[in-house]
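**Q** Heads up: the sequence shown at position 94 corresponds to 94 in UniProt numbering, and the numbers run straight through without jumps. Just so it is clear, CB atoms sit at the ideal spot from N, CA and C, and this is done for glycine as well.
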Amino acid sequence: MALLSWNDNYSIGIKKIDNEHKVLIGMINKAYDSIEKMEEQKVLLELISEMRQYAMDHFSTEEMFMKHYTYPETENHRKQHNHFMIYVASADNMMDADNNALDPYKVFKYLADWLKNHILVTDKQFGSFLMDKGVR
């Protein structure tokens, strides 16, 4: 069962960023599916690590656009990215240290909700700003 399914409401109108959002959604769903299938903890930890790296790369992409186009909300947007990265790193470390430290269902539900809200509010505003600058 997918926690989050891509639809056109999530599009911010910037192809590169939309494609990266699709990958992040897929990674969250893949990790959630691995929990459902009761795969080994090692598999889940690998998926979290991959998602952590991909999110870092994705946030770098967004922040490159912010810098290039002098986005006025850069600081707030970066704070949200940092919050996500801190949460993922903390969850990764806790799950690696103790199999029972966290409920993985809650972790990925939180990440799916965070990503959904971030895309629909913060990234939508950013996408509108970029589109006004002629970026597609």
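List the endpoints of the continuous alpha helix (DSSP H) containing Y51.
**A** The residue labelled residue 51 in the question sits at position 51 within the sequence shown. In the sequence under discussion, the amino acid at residue 51 is Met, which differs from the Tyr named in the question. Where M51 is concerned, the enclosing alpha helix (DSSP H) stretches over 41 to 68.
**Q** Output needed for Y54: all residues of its chain with C-beta closer than 7 Å, excluding positions within five of it in sequence on either side, in chain order.
**A** For the purposes of this step, residue 54 is identified with residue 54 of the sequence shown, where counting begins at 1. So the qualifying residues of the chain are V23, L24, M27.
**Q** Helix, strand or coil: which one does DSSP assign to M1?
**A** To locate residue 1, count along the sequence shown from 1; it is residue 1. Three-state DSSP puts M1 in coil, outside helix and strand.
**Q** Please classify E36: does DSSP put it in a helix, a strand, or coil?
**A** Indexing the sequence shown from 1 puts residue 36 at position 36. In the structure shown, E36 sits in a helix (DSSP, three-state: H, G or I).
**Q** How about Y69 and K124: do their beta carbons lie closer than 7 Å?
**A** Locating residue 69 in the sequence shown gives position 69, where the first residue counts as 1. Locating residue 124 in the sequence shown gives position 124, where the first residue counts as 1. Not in contact: Y69 and K124 (Cβ atoms no closer than 7 Å).
**Q** If we count Cβ pairs, one from each stretch, closer than 8 Å, do we get three or more for the segment 32 to 47 versus the segment 88 to 96?
**A** Short answer: they touch.
**Q** Which same chain residues end up closer than 8 Å to residue 149 when comparing Cβ atoms and leaving out the 5 residues on each side of it in sequence?
**A** In the structure as shown, the chain begins at 1 and stops at 136. Residue 149 is therefore absent and cannot be evaluated.
**Q** Any chance the segment 69 to 78 sits against the segment 13 to 20, with 3 or more Cβ pairs inside 8 Å?
**A** They do not touch, by the three-pair rule.
**Q** Comparing the CB of G13 with every heavy atom of the ligand SAH, is any distance shorter than 6 Å?
**A** Inclusion of the ligand SAH in the displayed structure is not the case, the ligand content being empty and no account of it being possible.
**Q** Report the rounded CA-to-CA distance for A2 versus F129, giving the unit in angstroms.
**A** In the sequence shown, the residue the question calls residue 2 occupies position 2. In the sequence shown, the residue the question calls residue 129 occupies position 129. Near 30 Å, if we compare the C-alpha coordinates of F129 and A2.
**Q** For N82, report the span of its alpha helix (DSSP H) as first-last.
**A** As a first step, residue 82 is located in the sequence shown; it is residue number 82 there, counting from the start. Residues 74 to 97.
**Q** Are M66 and T74 closer than 7 Å when you measure CB to CB?
**A** Position 66 of the sequence shown, counting from 1, holds the residue named residue 66. Position 74 of the sequence shown, counting from 1, holds the residue named residue 74. Cβ distance < 7 Å, so M66 and T74 count as in contact.
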